[in-house]
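Quick note: the sequence shown uses my numbering, first residue 107, plus one each step.
Report on the structure given below.
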Amino acid sequence: MAKILLVEDDKLLRTMYQTQLGQRGYDVVTAETGKEVLALLLSYRPDLILLDIMLPGGMHGFDILQQIRIREEFKKTPVIMMTTLESEKATAMSSGAQDFIVKNKVTIEEVVAVIEKYLKKEIPPSSSPPATS
């Protein structure tokens, strides 16, 4: 089961994403602030990070992304930046994000599609024997 670290300060969005992604088979842990993210990185070791740009507590998403990317073990972890500001896309991508979501312009299905682009879901082998000729 793929592990997703969801960093979002809006409680309603955080709960909705956690529930919807959990129902789709992902193990989701949430954080609201930058300090929580840095603590969770080493203990949770996510396969993907959904990271809001605007966060409380003095650390913005770009600060967190920089902290993620300086750690060798997380240099290749996909980070998808989320915001309501489309104008932040260039900064997000040049800062090391793999993708960018304008959260007030997407559905949960579109968010899942972006996630699945980076986390290929494993398909269990078929229990039926192979066809013979």
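Just so it is clear, CB atoms sit at the ideal spot from N, CA and C, and this is done for glycine as well.
- It is roughly 8 Å from the alpha-carbon of D116 to the alpha-carbon of E138.
- The beta carbon of K211 sits closer than 6 Å to none of the beta carbons in its chain outside the five residues before and after it.
- In this structure, A108 is the residue among V208, A108, S201 with its C-alpha nearest to the C-alpha of L154.
- With contact defined as three or more Cβ pairs closer than 8 Å, the segment 198-205 and the segment 111-125 are not in contact.
- Here the alpha carbon of V220 sits roughly 10 Å from the alpha carbon of I214.
- Judged by their CB atoms, F180 and I174 are nearer to each other than the 7 Å cut-off.
- Boundaries around V185 are those of the beta strand (DSSP E), 185-189, since no alpha helix (DSSP H) includes it.
- Straight through space, the alpha carbons of I176 and Q126 are spaced by roughly 31 Å.
- If only uninterrupted beta strand (DSSP E) runs of at least 3 residues are considered, those enclosed by the segment 136-215 are 154-158, 185-189, 205-208.
- Contact between L157 and M188 is confirmed by a C-beta separation of about 7 Å, below the 8 Å threshold.
- As DSSP reads the structure, V113 sits in a beta bridge with A137, L157.
- Judged by DSSP in its simplified three-state form, M107 adopts coil rather than helix or strand.
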